[in-house]
Amino acid sequence: MTIEVRGVEKVYRMGEERIFALRGVDLSIARNEFVAIMGASGSGKSTLMNILGCLDRPTKGEYVLAGRPTHRLRGASLARVRNEQIGFVFQSFELLNRQSALKNVMLPLIYSRKHWFGARARARAALDKVGLSNRMGHRPNQLSGGQRQRVAIARALVNEPSILLADEPTGNLDSATSLEIIGLFKSLHAEGQTIVIVTHEEDIAGHALRIVRLRDGRILSDHPTANDPIHREYLRQAAIHAELAAAGTEARP
Amino acid sequence: MSPAKLLIGPARLAFQTVILALQQIWANKVRSFLTTLGIIIGVSSIIAVVAAMGGLRQSILNEFEKFGTKKVWIDGTLPREQRSTGSFRAVQLTLDEIIAIRENVESVDLVAPMYFGGYSIEFGGERIERVSTTGIWPEWHDIESREILRGRAFNAIDEAQARRVCIVNDRTIEELGLNLDPVGQYVALSGQRFLVVGVVETVQLSAMFGGGDSSAEVYIPFSTARELNPDGWINFCWAQLKDTSQADNAIAEITFVLRKMRGLTAEQPNTFEVRVIQQFIDNFNKVASAITLGAGGIVGISLLVGGIGIMNIMLVSVSERTREIGLRKAMGARPGVILTQFLVEAVTLCLFGGANGLAFGQLMVTGLRHIPGFPLGDAAIPAWAVVLSVGFSALTGVVFGMFPAIKAARLDPIVALRHE
Ligand SMILES: Nc1ncnc2c1ncn2[C@@H]1O[C@H](COP(=O)(O)OP(=O)(O)OP(=O)(O)O)[C@@H](O)[C@H]1O
Ligand SMILES: [Mg+2]
């Protein structure tokens, strides 16, 4: 399993008040899964994503990422996990406006222990992968919203992360551009990338293979979608089964 | 990992951190300049003060050098508390005392009493009233080491026979209209015929040493001077140290001899003064150090103010770039790296101020050097002042950049990313 979350709780303290953002979440995500997390506003989606992305630590529970328990790590070690295992895409892109697309994509490599050699070439390759090989020298304010999010995705991919996490990556984009971005996620998934996205939109989530629904900090449901080949096969067989069953009843005297 | 790779990682990060800091300063040119103004002023003023004191010191030392660093001044004078009542005449040096000093004081190899007078001098139709006329021993020439331009110096025979001979300076030649080579000519000094035997150079001392416009000077043998004015007295006496390191010994020994000859008891104060040029130099050095130290203190305060300015602007920078810090942390920047980034930025800013301060200081020093009539022609910035300014600027950056940098390093990535 790439991601193993067991009994994770997150409690925020605001003075006397305690806010339970996550109330015991168990979740396993295997390699090359494509998961969409859905739920009402305030249901704990971002809180969960931040914990998955090692940006935050659970109050209680365990989180094992690529075989390594991370819930006890802090500071520098947690930073290293973020740097080497995780690609994070934000709703509002979070690009450095004074730097070119290429420099933005190189950012994680500056802090990497493995990849200082050939950082530029890696960044170029990542931009090429998201279809921006002709925009490398542009600054974020010279790019469209969709292009900016592509730069951000290239940046998330450049360190070859175990998981690509995206918190409402299409939240700031129009529907056509959103489809482009989701298409990009699908092709990355086809190449073997493990992907978890948070979204509010059913049709965006419909492109994933699995949908996890949260409510009040708990998992409400966890289903494969019609896109999942195994699920599709199951559905096909179930349909045949149903058909056969129907035929059987008809054949009965 | 190979050792080379282990080194390249941090080196590359350091390089990028510096580049980033420079970009940041460049992006906020005006703000950076204004922020570092305190440091610029601090560094440039200490540089200017140090250079000016150095220049002043050099020119004063040169002056002392000209004056003679081995000279000892011996003078009969009343102790402070007897000045209003006692007789000055009674405490003047006597020839016996001077001879006693010459015979008994080991640390001194020459003594030369000075017997002043002011007489009229006449030549042809010209007459000058009250020309400074000094009776000297031949030893005077060795102590003063003033060049004899023409003719000869005094010798023992002039002194022994109290000959009517004189040595004049070039101003006397001009004012009296003597021959350019007056050796062999006769002048009337106080109505008596004197043979000019030599011409001595005039040493121009600066106003600080009682110099000024040069005037006519006439020298005659000591014994002759006493004959011209039997009621006069020895105004003071020069002695010359065998070696400059003997200054303290000389003072002690001369004091001992004079006290003994004057029969002073242990309770009685000295009725004379013994002073060594080295003391003046030491005193001056003390004053110069005190001034430099005082200026250093003022500069310390301005560096403090400058440092607070740096801290302020770094805090502004941290809060302006909170999102960027959050992003960098989300991308895997360790807290130490963020700390280093902001420290390097503060230090770079301070060094930028320090460099500007040095440049501005150099400008001021060049200005000082060219003020006419100022004894600062030798003013120059010493290397240690450069090193110290750069060092203190960097230190200011580290000290005052630390708090903002720690603040940045401690930011929580999520909180930082949510910041607007
Ligand atoms: N830093 C915080 N301090 C206090 N409470 C917080 C904090 N962050 C989140 N919460 C609370 O935790 C709960 C879950 O928040 P979260 O951001 O995970 O929701 P979400 O599902 O991402 O919502 P949205 O769809 O609006 O983004 C909410 O009730 C929120 O108010
Ligand atoms: Mg959210």
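Protein sequences appear in the order of chains A and B.
Heads up, the first sequence is in the working numbering, so the first residue is 1 and it goes up one at a time.
Heads up, the second sequence is in the working numbering, so the first residue is 1001 and it goes up one at a time.
We treat Cβ as the ideally placed atom computed from N, Cα and C, and that holds for glycine.
Checklist entry - Taking Cβ positions only, does Ala-21/A come closer than 9 Å to chain B? => result Taking the first sequence and counting its residues from 1, one reaches residue 21/A at position 21. Judged by the 9 Å Cβ criterion, Ala-21/A is not in contact with chain B.
Checklist entry - Using the beta-carbon of each residue, which ones in chain E are nearer than 8 Å to Gly-75/A? => result Chain labels in this structure do not include chain E; the protein chains are A and B.
Item to check | Buried or exposed (CB count within 10 angstroms, at least 16 for buried), Asn-1312/B | outcome: Locating residue 1312/B in the second sequence gives position 312, where the first residue counts as 1. Classification of Asn-1312/B: exposed, given that the 10 Å Cβ count is below 16.
Checklist entry - So, do the region 1073 to 1088 of chain B and the region 1397 to 1417 of chain B have three or more beta carbon pairs nearer to each other than 8 Å? => result no
Item to check | Residues bridged to Gly-1118/B (per DSSP) | outcome: Against the second sequence, residue 1118/B aligns to sequence position 118. Paired residue(s): Ser-1132/B.
Item to check | Within 7 Å of chain A by C-beta, residues of the region 1366 to 1379 of chain B in sequence order | outcome: Here the close residues number zero.
Item to check | Three-state secondary structure (DSSP) of Gln-149/A | outcome: By 1-based counting over the first sequence, the position of residue 149/A is 149. Note: Gln-149/A maps to helix in three-state DSSP.
Item to check | Within 9 Å, strictly: CB atoms of Ala-1011/B and Glu-1345/B | outcome: Here residue 1011/B corresponds to residue number 11 of the second sequence, with the count starting at 1. Here residue 1345/B corresponds to residue number 345 of the second sequence, with the count starting at 1. Not in contact: Ala-1011/B and Glu-1345/B (Cβ atoms no closer than 9 Å).
Checklist entry - How about Gln-1023/B: is its C-beta nearer than 9 Å to some C-beta of chain A? => result The sequence position of residue 1023/B within the second sequence is 23, counting from 1. Interface residue, yes.
Checklist entry - What does Gln-1016/B touch in chain A if you count any residue whose Cβ is under 9 Å from its own? => result As a working note, residue 1016/B is residue 16 in the second sequence. Result: Ile-110.
Next on the checklist: Within 10 Å of its beta-carbon, does Tyr-1186/B have 16 or more other beta-carbons around it, so buried, or fewer, so exposed?
Outcome noted: Residue mapping note: residue 1186/B aligns to position 186 of the second sequence, counting from 1. Classification for Tyr-1186/B: exposed.
Checklist entry - Applying the criterion that 16 or more other CB atoms from any shown protein chain within 10 Å of the CB defines a buried residue, is His-1370/B buried or exposed? => result Here the question's residue 1370/B lines up with position 370 in the second sequence. Exposed, since its Cβ has fewer than 16 Cβ neighbours within 10 Å.
Next on the checklist: Taking a contact to mean a Cβ-Cβ separation below 9 Å, would you say Gly-1309/B touches Ile-1039/B in this structure?
Outcome noted: Residue mapping note: residue 1309/B aligns to position 309 of the second sequence, counting from 1. Residue mapping note: residue 1039/B aligns to position 39 of the second sequence, counting from 1. Contact flag set, yes.
Item to check | For Asp-222/A, the residue or residues it bridges with in DSSP | outcome: Working through the first sequence from its first residue, we reach residue 222/A at position 222. Its beta-bridge partners are Val-212/A.
Next on the checklist: I need the DSSP call for Met-1314/B, collapsed to helix, strand or coil.
Outcome noted: Translated into positions along the second sequence, residue 1314/B becomes position 314. Here Met-1314/B sits in helix by DSSP.
Checklist entry - Quick one: is Asn-172/A near chain B, going by C-beta distance under 9 Å? => result The count along the first sequence starts at 1 and reaches residue 172/A at position 172. No - not a single Cβ of chain B is within 9 Å of the one on Asn-172/A.
Checklist entry - Sorted by chain position, which residues of the same chain lie with C-beta nearer than 6 Å to His-189/A's C-beta, five sequence neighbours on each side aside? => result Within the first sequence, residue 189/A is the residue found at index 189, counting from 1. Closer than 6 Å at the Cβ level, and outside the excluded window around His-189/A, lie Phe-34 and Ile-195.
Checklist entry - Along chain B, in chain order, which residues have C-beta atoms closer than 8 Å to that of Arg-98/A? => result Within the first sequence, numbered from 1, the residue matching residue 98/A stands at position 98. Simply Gln-1023 and Ala-1027.
Item to check | Val-1108/B versus Gln-1240/B - alpha carbon distance | outcome: Here residue 1108/B corresponds to residue number 108 of the second sequence, with the count starting at 1. Here residue 1240/B corresponds to residue number 240 of the second sequence, with the count starting at 1. For Val-1108/B and Gln-1240/B, the distance between alpha carbons rounds to 6 Å.
Next on the checklist: Which residue wins for smallest C-alpha separation from Glu-1201/B, given the options Glu-1227/B, Gly-1151/B and Gln-1023/B?
Outcome noted: Within the second sequence, residue 1201/B is the residue found at index 201, counting from 1. The residue with the shortest Cα to Cα distance from Glu-1201/B is Gly-1151/B.
Checklist entry - Does the beta-carbon distance from Ile-1128/B to Ala-1216/B come in below 9 Å? => result Walking along the second sequence from the start, residue 1128/B turns up at place 128. Walking along the second sequence from the start, residue 1216/B turns up at place 216. Cβ atoms of Ile-1128/B and Ala-1216/B: closer than 9 Å.
Next on the checklist: Out of Ser-1045/B, Phe-1360/B and Phe-1116/B, which one is the CA nearest neighbour of Leu-1298/B?
Outcome noted: Start at 1 with the first residue of the second sequence, and residue 1298/B comes out as number 298. Before going on, a small fix: residue 1298/B reads as Ile here, not Leu. Of Ser-1045/B, Phe-1360/B and Phe-1116/B, the residue nearest in Cα terms is Ser-1045/B.
Checklist entry - With C-beta atoms as the reference, is Val-1043/B less than 9 Å away from Gly-1296/B? => result Locating residue 1043/B in the second sequence gives position 43, where the first residue counts as 1. Locating residue 1296/B in the second sequence gives position 296, where the first residue counts as 1. It is not a contact, given that the beta carbons lie outside the stated cut-off.
Next on the checklist: Alpha carbons only, please: which of Gln-1024/B, Lys-1070/B and Val-1091/B is nearest the one belonging to Asn-1270/B?
Outcome noted: Residue 1270/B sits at position 270 when you count from the first residue of the second sequence. Selected option, being the one with the closest Cα: Val-1091/B.
Item to check | Exposure label - Ser-144/A; buried when at least 16 CB within 10 Å | outcome: Residue 144/A sits at position 144 when you count from the first residue of the first sequence. The residue in question, Ser-144/A, is exposed, as its Cβ has fewer than 16 Cβ neighbours within 10 Å.
Next on the checklist: In the DSSP assignment, the beta strand (DSSP E) including Pro-1221/B goes from what residue to what residue?
Outcome noted: As a working mapping, residue 1221/B is identified with position 221 in the second sequence. Taken as a continuous stretch (DSSP letters only), the beta strand (DSSP E) holding Pro-1221/B covers 1217 to 1221.
Checklist entry - Are any of the Cβ atoms in chain B nearer than 9 Å to that of Ala-79/A? => result As a working mapping, residue 79/A is identified with position 79 in the first sequence. With 9 Å as the cut-off, Ala-79/A counts as an interface residue toward chain B.
Next on the checklist: Between Arg-1057/B and chain A, is any beta-carbon pair separated by less than 9 Å?
Outcome noted: If you number the second sequence from 1, residue 1057/B lands on position 57. Judged by the 9 Å Cβ criterion, Arg-1057/B is not in contact with chain A.
Next on the checklist: At a cut-off of 8 Å, would you count Glu-94/A as near ligand 2, judging by its Cβ distance to the nearest heavy atom?
Outcome noted: In the first sequence, counting from the first residue as 1, residue 94/A sits at position 94. No.
Next on the checklist: Let's see if you can read the secondary structure: which residues bound the alpha helix (DSSP H) around Glu-1097/B?
Outcome noted: Mapped onto the second sequence, residue 1097/B falls at position 97. Segment 1095 to 1104, the alpha helix (DSSP H) holding Glu-1097/B.
Checklist entry - Hey, is Val-1415/B close to ligand 1, as in C-beta under 8 Å from one of its heavy atoms? => result Your numbering for residue 1415/B matches position 415 in the second sequence. At a cut-off of 8 Å, the beta-carbon of Val-1415/B counts as near ligand 1: some heavy atom of the ligand is closer than that.
Next on the checklist: Per DSSP, what are the beta-bridge partners of Lys-1071/B in this structure?
Outcome noted: Your numbering for residue 1071/B matches position 71 in the second sequence. Lys-1071/B pairs with Gln-1240/B.
Next on the checklist: Using a Cβ-Cβ cutoff of less than 7 Å, which residues in the same chain neighbour Ala-1153/B once the five nearest sequence positions on both sides are dropped?
Outcome noted: By 1-based counting over the second sequence, the position of residue 1153/B is 153. Hits under 7 Å: Pro-1138, His-1141 and Gly-1198.
Next on the checklist: Quick check: the Cα distance between Phe-1392/B and Leu-1351/B, rounded to an integer number of angstroms?
Outcome noted: Position 392 of the second sequence, counted from the start, is the residue given in the question as residue 1392/B. Position 351 of the second sequence, counted from the start, is the residue given in the question as residue 1351/B. Rounded to the nearest angstrom, the two C-alpha atoms are 9 Å apart.
Checklist entry - So does Lys-10/A have its beta carbon nearer than 8 Å to some heavy atom of ligand 2? => result Taking the first residue of the first sequence as 1, we reach residue 10/A at position 10. Not so, every heavy atom of ligand 2 lies at least 8 Å from the Cβ.
Checklist entry - Along the chain, where does the beta strand (DSSP E) that runs through Glu-1273/B open and close? => result As a first step, residue 1273/B must be located in the second sequence, where it is residue number 273. Unbroken beta strand (DSSP E) run through Glu-1273/B: 1272 to 1276.
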